[in-house]
Amino acid sequence: MQNIGETYIDKIVRPVSRTAIRDNAVNYTAVDLYSAKRHEFQDKINRTITASFAKRGLEMQQILVRNITLPASVRASIESKINAEQDAQKMQFVLQKERQEADRKRVEAQGIADYQKILSTGLSDKQLLYESIKAQKEIALSPNAKVIIIGGGKGNPIMLSDK
């Protein structure tokens, strides 16, 4: 023989719950039900069922939405969409990183250009010759063995080491 509580559940509770779930589910996309707005969906179902039970003299304490089962094709579509969104975010990150690298290279190139401009306007041939003579003197005074061939032109001397 069937218990009165089971009959009441079969005739009242399950149909009210199913109706509330169906009526509220139409307001959400499958992605929302599967992830982002699950709690909001649960709250709406809770309010709907509570109101329906109150009309019948019942009090609902709590309802939990667990195991939302979607068709395999919908799940695959959702996962595909989530993967595509993650790929798009990854690409945005890569583009941002590349823009920053391009900016860094622009700044570096501008620094080199500025350095070359300063050198070209600030150094004279006489100053360069003086710096060359100082460097040759330091090389000549170093304890390493070497052969220095100094030419008559404006070019730097040829330096040979015993190594």
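Count along the sequence shown from 1, then add 109; that gives the number in this note's numbering. Note that CB positions come from ideal geometry on N, CA and C, so glycine has one too.
Inset, instruction - For chain B, find out if any of its Cβ atoms is closer than 9 Å to the Cβ of Gln-195; answer yes or no. - result: No chain B is part of this structure, which consists of one protein chain only.
Legend entry - First through last residue of the alpha helix (DSSP H) which encompasses Leu-167: The residue given as residue 167 occupies position 58 in the sequence shown. Segment: none, Leu-167 is in no alpha helix (DSSP H) and carries neither H nor E.
Inset, instruction - Could you spell out where the alpha helix (DSSP H) holding Thr-230 opens and where it closes? - result: Reading the sequence shown from its first residue, position 121 is the one you call residue 230. Here the alpha helix (DSSP H) through Thr-230 covers 181-231.
Inset, instruction - Assign Ile-78 to one of three DSSP states: helix, strand, or coil. - result: Within the shown structure, residues of the chain are numbered from 110 to 272, placing residue 78 beyond reach of any answer.
Legend entry - Cutoff 7 Å; reference Glu-168; Cβ partners in own chain excluding five residues on either side: The residue labelled residue 168 in the question sits at position 59 within the sequence shown. Closer than 7 Å at the Cβ level, and outside the excluded window around Glu-168, lie Phe-162.
Legend entry - Delimiting residues of the alpha helix (DSSP H) encompassing Arg-175: By one-based count along the sequence shown, residue 175 stands at place 66. Run containing Arg-175: none; DSSP gives neither H nor E here.
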